[in-house]
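K.L.:
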Amino acid sequence: MTFSENQIKKISKIFRGIFVFIIVLGIIGLVLAIPLSIFLKTNRYGASLLTLFICIAIAYCFNWGLKHRKAWIPPTLTVLWSLTLIFSILSALATQLTFNYQITYYAAVVIRFLLWLVQLFGIYFFAKKEVRKFFNSKGTIVF
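Per our numbering, the sequence shown starts with residue 5, numbered consecutively.
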């Protein structure tokens with residue numbers, strides 16, 4: 005399957021939308037978590053807030069790189085999504101999701117499966133020659 009330049013632009017916008025969604029969720033999490041930690045008078049959430057802030061910053065960098073067609077986007081996202089996909093599958097095999105409610109368990113399984121599909125498509129998409137050419141990325145991605 006080959007992608008035209010118009011299709012690459014549309015798919016890149018979809019991935020940018022995913023990163024914007026992650027940024028918005030992260031900001032909502034920060035807005036809710038900071039007053040909660042002040043109200044509870046605990047520093048217990050400090051590491052979680054830092055992790056959330058780092059996730060927002062990384063999502064912003066990827067969104068910016070997609071918008072400006074930076075050459076580091078295809079290899080970085082291909083390697084990153086490959087590693088997270090492998091880790092996610094191995095952790096799913098190693099642990100069993102246990103929830104009190106059956107519907108929550110099925111929702112978690114469906115969400116995890118959909119995330120795997122997005123990651124697989126992202127790996128396939130950014131490893132394509134025409135996509136790398138669109139982003140002016142030189143070199144070979146072996147995946």
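Cβ atoms here follow ideal geometry from the backbone N, Cα and C, with glycine treated the same way.
In whole angstroms, what separates the C-alpha of A96 from that of T144?
P.N.:
Their Cα atoms are separated by approximately 30 Å.
K.L.:
Which residue's Cα is closest to the Cα of E134: L89, R116, L119 and P78?
P.N.:
Of the candidates L89, R116, L119 and P78, the one whose C-alpha sits nearest the C-alpha of E134 is P78.
K.L.:
I think C65 touches G30, with their Cβ atoms under 8 Å apart; what is that distance to the nearest whole Å?
P.N.:
Not quite, the Cβ-Cβ distance comes to about 13 Å (not below 8 Å), so this is no contact.
K.L.:
Are the Cβ atoms of N67 and R136 separated by less than 7 Å?
P.N.:
No; because the gap between Cβ atoms is not below 7 Å, this pair is not in contact.
K.L.:
Rounded to whole angstroms, what is the Cα-Cα separation between Y109 and L119?
P.N.:
Approximately 15 Å, taken between the alpha carbons.
K.L.:
Measure the Cβ-Cβ separation of R73 and F139 and say whether it is below 7 Å.
P.N.:
Contact: yes.
K.L.:
When you compare the CB positions of W76 and G126, do they come within less than 7 Å of one another, or not?
P.N.:
Contact: no.
K.L.:
For L53, tell me which candidate among L44, I38, I42 and K45 has the shortest Cα-Cα distance.
P.N.:
Per the Cα distances, I38.
K.L.:
Under the assumption that F7 contacts K132 (Cβ atoms under 8 Å), give the Cβ distance between them as a whole number of angstroms.
P.N.:
Contact holds; Cβ gap of about 6 Å.
K.L.:
On the DSSP letters alone, give me the boundaries of the alpha helix (DSSP H) that L44 sits inside.
P.N.:
Element bounds for L44: n/a, residue is neither H nor E.
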